[in-house]
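Last residue of the sequence shown: 440 (this note's numbering), numbering continuous.
Where a beta carbon is used, it is the ideal one built from N, C-alpha and C, also for glycine.
To start, the structure itself, in structure tokens.
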Amino acid sequence: MDKPTLIRKGIMTVLTVLVIAYVIYVICRASFTQVKTMTAKETEVYDAIPTNSVLVKDEELIEYDGSGIISYAVADGEKISVKQPVAGVYDSVTSAGTVRELEKINSQIDSLTRLQTNADNLTRTPDEIDNDIIAGLIRTKTALNQGDLSTADLSAADILYCINERQLVTGKSSDYNDKINRLTQQSEQLKKEEKQSKKHLEIKAPVAGYFVGHTDGYENLLSTSQLDELLPGDLSEDKLQPVPISDQVIGKIVKGVSWYVACPVSAEEALKIKNAYSLKLDIPTVSSEKIKVDLYSINQKSKAEGAVVVLTGTFMNSEMAALRKGNFSIIIDTYNGLYVPKNAVHEMELTRTVTDENGKEVKETKTVSGVYVKLGNEVTFKQINILYSAEDYVISSADAGTPAFSDQFGVLQAYDEIIVEGANLYDGKIISRDT
């Protein structure tokens, strides 16, 4: 055999081996499935109705028509009794500033002392504290944008408290004794200066309630006597325009222990709220926790028209005392379960043999919802119990229970690896181990 023939045969052999290797590679690739997974974890979601709401309160204005520098003696949201001093009037900014600075330092001392006393019993996690810090920052920014410096100041104090609490919880600080001692020394010095401050008089609360050191112009537009009559048109922007407040007004008292929220909603939303077992309000600028409320009334001309839902609550802090209107969410239900993306949900028609009431064996067929789960290098179908369905996800019960056909397929459990991307999936399919 000549040399050219040998070369041709060698080339053909090499090409044949390459073709065979490629075919084997394609077959192997076809035998496996590239998948993307996510871990099934428990979560909490809310079925909520967003609404642009208005708070209705009984309020009484506090007036002072004299001269001098006013220094408030109580904080926004603080509960006060009738005739209790809410502010002092001083002859100079220096005198008022000394009193104000003393109040700030004493407030810091009280805050740190409270933390120090409860240091061994702090139960909040860093994440919970961080949520309060974020809420405080939102409140501060909102107050500054509205020119409400007193609320911004209080929110800043809340943020500082949370930061100090976090330092203790995470072990970054062991105690605040040294800082408390330094502040106490400053307080003693300011007390000496306060004695030299000249106070003209005290401004006292005309009624009992919660103090707020500023007004917003909505005080006389709505009252609690109107709650049963409010309709969506009454809450429109053109109807609710703030009115100028006299320069003699230095604050107000929110009377009573309850406040009311008027929420314009659709007819369908009103029906959902009416049938809800319990209700809560989500107001991030007021509290990181959901606020419990009760249904006071549903006002609508007919069941087919929009309505004003009036809710009532008693939770109070400085932000709630000062709040007037905003975009709130009415929570009508809460669901705890496993988060499952909708693109991972599949339906499977299953058949099993059961015994009917006559003792005869019959075939039962049912379509069940479930997900494909990666177990090792195998695909397994697991059923889900859907508690709540949103646009792009569902919440499946974390409690396995005994759904139909649970004898054939298991039920999704926490920490299962849900397959969210993958082609030609079926129960029992082998997938690549390195996926």
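If only complete runs of 4 or more residues are kept, the stretch 215–298 shows the alpha helix (DSSP H) at 272–280, in order along the chain.
A direct Cα-to-Cα measurement between residue 368 and residue 354 gives close to 13 Å.
Taking a cut-off of 8 Å for Cβ pairs, the stretch 104–113 and the stretch 275–292 do not touch, as fewer than three such pairs fall below it. Of the candidates 268, 67, 273 and 74, 268 places its Cα closest to the Cα of residue 302.
In the three-state DSSP reduction, residue 427 falls in the coil class, being neither helix nor strand. Residue state for residue 173 is assigned as helix, using DSSP reduced to three classes. Proximity to residue 193 across 164, 139, 108 and 372 peaks at 108, based on C-alpha coordinates.
Excluding sequence positions up to five before and after residue 173, its CB lies within less than 7 Å of the CB of 120, 124 and 127, all in the same chain and listed in chain order. Straight through space, the alpha carbons of residue 54 and residue 315 are spaced by roughly 14 Å. Between residue 429 and residue 57, the CB-CB gap reaches or exceeds 8 Å. When the Cα atoms are used, residue 343 and residue 252 turn out to be separated by approximately 56 Å. Beta-bridge analysis with DSSP links residue 77 to 92. A distance below 8 Å separates the beta carbons of residue 255 and residue 208. Under the 10 Å beta carbon count, residue 122 is surrounded by fewer than 16 other beta carbons and is classified as exposed. A direct Cα-to-Cα measurement between residue 424 and residue 43 gives close to 7 Å. Membership of residue 53 in the beta strand (DSSP E) is indicated by the continuous run 47–61. Note on residue 347: under 16 other CB atoms within 10 angstroms of its CB, so exposed under the neighbour-count rule.
With distances taken between CA atoms, residue 335 lies nearest to 285 out of 285, 374, 372 and 363. Under the rule that a run must span 3 or more residues, the beta strand (DSSP E) segments found entirely inside the stretch 340–394 read 350–360, 366–380, 383–388 and 391–394.
Non-local C-beta neighbours of residue 51 in its own chain, meaning closer than 6 Å and more than five positions away in sequence, comprise 336 and 339, ordered along the chain.
One Cα belongs to residue 321, the other to residue 82, and the distance between them is close to 7 Å. Under DSSP, the beta-bridge partners assigned to residue 312 are 270. For residue 325, the uninterrupted alpha helix (DSSP H) run begins and ends at 323–327, by DSSP. Residue pairing from DSSP places residue 300 in a beta bridge opposite 316. When Cβ pairs closer than 8 Å are counted between the two stretches, the stretch 257–271 is seen to touch the stretch 58–69, the count reaching three or more.
In the assembly as shown, residue 87 is an exposed residue. Its beta-carbon has fewer than 16 other beta-carbons within 10 Å. Between residue 420 and residue 384, the C-beta gap is not smaller than 8 Å, which leaves the two residues out of contact. A direct Cα-to-Cα measurement between residue 180 and residue 136 gives close to 23 Å. If you check the CB distance, residue 224 and residue 257 come in under 8 Å.
Between residue 387 and residue 415, the gap from beta carbon to beta carbon is short of 8 Å. The residue among 89, 211, 270 and 48 with its C-alpha nearest the C-alpha of residue 235 is 270. Close CB contacts of residue 422 within its chain, under the 7 Å cut and outside five residues either way in sequence, are with 42, 44, 378 and 379 (chain order). When DSSP states are grouped into helix, strand and coil, residue 420 belongs to the coil group. Setting aside the 5 residues that flank it on each side, residue 306 is surrounded in the same chain by 236, each with a C-beta closer than 8 Å to its C-beta; the list follows chain order. Taking each of 239, 114 and 95 in turn and checking the Cα distance to residue 191, the smallest one comes out for 114. Sequence-distant partners of residue 131 (beyond 5 residues in either direction) whose C-beta falls short of 7 Å from its own C-beta, in its chain, are 171, 174 and 175.
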